[in-house]
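All remarks here apply to the structure that follows.
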Ligand SMILES: *[C@@H]1O[C@H](CO)[C@@H](O)[C@H](O)[C@H]1NC(C)=O
Ligand SMILES: *[C@@H]1O[C@H](CO)[C@@H](O)[C@H](O)[C@H]1NC(C)=O
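Residue numbers (this note's numbering): 1 to 265.
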């Protein structure tokens with residue numbers, strides 16, 4: 001036995017009958033605690049993997065969003081037929097200065113200013129125009145405002161007489177106008193595919209027709225528009241604020257025309 005202990009000293013304590021009485025030391029208690037914590041965490045991890053599947057690789061591109069997606073507020077919102085009268089009016093409202101004003105109000109944060117530090121930490125050296133007010137802020141447009149601008153243009157497309165003083169045929173023959181509409185269509189297509197909204201749209205049976213009839217979507221998770229609108233409005237500027245200055249042409253007015261050139265005319 002003595003020989004064995006010499007050869008296998010590490011086995012000594014595994015033989016209870018020969019073990020000296022031992023009291024748990026602080027180190028032992030800490031080790032047990034750590035082991036229990038690790039054990040619990042591993043159980044949690046296994047449960048998460050079983051429930052959610054293996055985690056997907058995290059992409060860091062959303063950091064180029066402003067605000068970052070993690071900062072956004074969401075709400076469960078009813079859309080479709082029982083949805084919002086305001087958005088319904090923006091589309092179905094008869095063309096008028098009031099409807100135009102509502103769209104322009106919605107697009108008010110179109111010109112966004114991003115603090116230099118926030119911009120540079122997330123845009124991978126991609127450059128943009130800087131504001132001319134000495135703040136160092138960068139000038140960007142958020143994609144949602146670009147897409148809303150496109151939707152406004154499609155509303156104009158539906159009423160060429162009012163918005164372009166053109167008949168349908170004249171509108172179709174205006175290459176510049178149609179080029180802008182195609183650009184907008186492509187932009188919206190890319191946005192829909194990028195966002196990948198997977199909320200479910202349902203159907204019901206029509207007693208008089210064989211085909212299933214689609215319902216409007218009802219409750220979906222939406223960004224809190226009021227919150228996001230205010231957040232972006234607080235970080236926007238108007239072209240009439242004259243915040244843009246071209247290195248060669250100088251300060252620009254609200255029509256993006258050089259201020260000095262206009263004076264000279
Ligand atoms: C950005 O540019 C700097 C200086 O040119 C360079 O050192 C850095 O690696 C670039 N970063 C990225 C993400 O391209
Ligand atoms: C609309 O177009 C017609 C024909 O081109 C032209 O005579 C008329 O002056 C235009 N109206 C406005 C408000 O531009």
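We treat Cβ as the ideally placed atom computed from N, Cα and C, and that holds for glycine. Predicted model only: the values in this text are computed from it and were never measured.
Just checking residue 165 against ligand 2 - is the residue's beta carbon closer than 8 Å to any of the ligand's heavy atoms?
For this step, residue 165 is matched to residue 165 along the chain shown. Yes, since a heavy atom of ligand 2 falls inside the 8 Å radius drawn around the Cβ of residue 165.
If you follow the alpha helix (DSSP H) that residue 155 is in, where does it begin and where does it stop?
Within the chain shown, numbered from 1, the residue matching residue 155 stands at position 155. Taken as a continuous stretch (DSSP letters only), the alpha helix (DSSP H) holding residue 155 covers 143-157.
Proximity of residue 185 and residue 150 at Cβ, strictly below 9 Å:
Here the question's residue 185 lines up with position 185 in the chain shown. Here the question's residue 150 lines up with position 150 in the chain shown. A contact, by the Cβ cut-off of 9 Å.
Determine, using beta carbons only, whether residue 218 and residue 79 come nearer to each other than 9 Å.
Start at 1 with the first residue of the chain shown, and residue 218 comes out as number 218. Start at 1 with the first residue of the chain shown, and residue 79 comes out as number 79. Yes, these two residues count as a Cβ contact at 9 Å.
By DSSP, does residue 64 sit in helix, in strand, or in coil?
For the purposes of this step, residue 64 is taken as residue 64 along the chain shown, with counting starting at 1. Residue 64 falls in the helix class under three-state DSSP.
In chain order, what residues of the same chain lie with their CB nearer than 7 Å to the CB of residue 72, ignoring the 5 residues before and after it?
Here residue 72 refers to the residue found at position 72 when the chain shown is read from its first residue. Correct list, in chain order: 223, 228.
Report back the beta-carbon spacing between residue 254 and residue 240 to the nearest angstrom; my notes put them in contact at under 8 Å.
Indexing the chain shown from 1 puts residue 254 at position 254. Indexing the chain shown from 1 puts residue 240 at position 240. Sure, about 4 Å apart at Cβ, within 8 Å.
Nonlocal neighbours in the same chain, by C-beta distance under 8 Å from residue 231, ignoring five residues either side
The sequence position of residue 231 within the chain shown is 231, counting from 1. Cβ neighbours of residue 231 beyond the five flanking positions: 67.
Which of the three DSSP states is assigned to residue 247 in this structure?
On the chain shown, residue 247 is found 247 positions in, with the first residue counted as 1. Residue state, collapsed to three classes: coil.
So, residue 244 versus residue 252, is the Cβ gap smaller than 9 Å?
Your numbering for residue 244 matches position 244 in the chain shown. Your numbering for residue 252 matches position 252 in the chain shown. Their beta carbons are under 9 Å apart, which means residue 244 touches residue 252 by this criterion.
DSSP bridge partner residues for residue 223 (one or two, in chain order)
Counted from its first residue, the chain shown places residue 223 at position 223. Residue 223 is bridged to 74.
Three or more C-beta pairs below 8 Å linking the segment 121-133 and the segment 90-110:
no
Residue range of the beta strand (DSSP E) that includes residue 113
For the purposes of this step, residue 113 is taken as the residue at position 113 of the chain shown. Per DSSP, residue 113 belongs to the beta strand (DSSP E) from 112-114.
Residue 189: which of 209, 135, 143 sits nearest, CA to CA?
Looking up residue 189 in the chain shown gives position 189. It is 143 whose Cα lies nearest to the Cα of residue 189.
Residue 96 (DSSP reduced to helix, strand or coil):
Locating residue 96 in the chain shown gives position 96, where the first residue counts as 1. Three-state result, residue 96: coil.
Applying the 10 Å Cβ sphere with the 16-neighbour rule, what's the burial state of residue 91?
The residue given as residue 91 occupies position 91 in the chain shown. It is exposed - the Cβ of residue 91 has fewer than 16 other Cβ atoms within 10 Å.
How should residue 137 be labelled, buried or exposed, when 16 other C-beta atoms within 10 angstroms of its C-beta is the threshold for buried?
Here the question's residue 137 lines up with position 137 in the chain shown. Residue 137 should be labelled buried.
My output table needs one value for residue 236: the three-state DSSP class, helix, strand or coil.
Start at 1 with the first residue of the chain shown, and residue 236 comes out as number 236. Residue 236: strand per DSSP, three-state reduction.
Please look up how many angstroms separate the CB atoms of residue 95 and residue 139, rounded, as I've assumed it's under 8 Å.
In the chain shown, counting from the first residue as 1, residue 95 sits at position 95. In the chain shown, counting from the first residue as 1, residue 139 sits at position 139. In fact, because the Cβ distance is near 31 Å, the residues do not count as touching under 8 Å.
Looking at the secondary structure, which residues open and close the alpha helix (DSSP H) in which residue 176 lies?
As a first step, residue 176 must be located in the chain shown, where it is residue number 176. Element bounds for residue 176: 175-195.
Can you tell me which of the three DSSP states residue 160 falls into?
In the chain shown, residue 160 corresponds to position 160, counting from 1. Helix.
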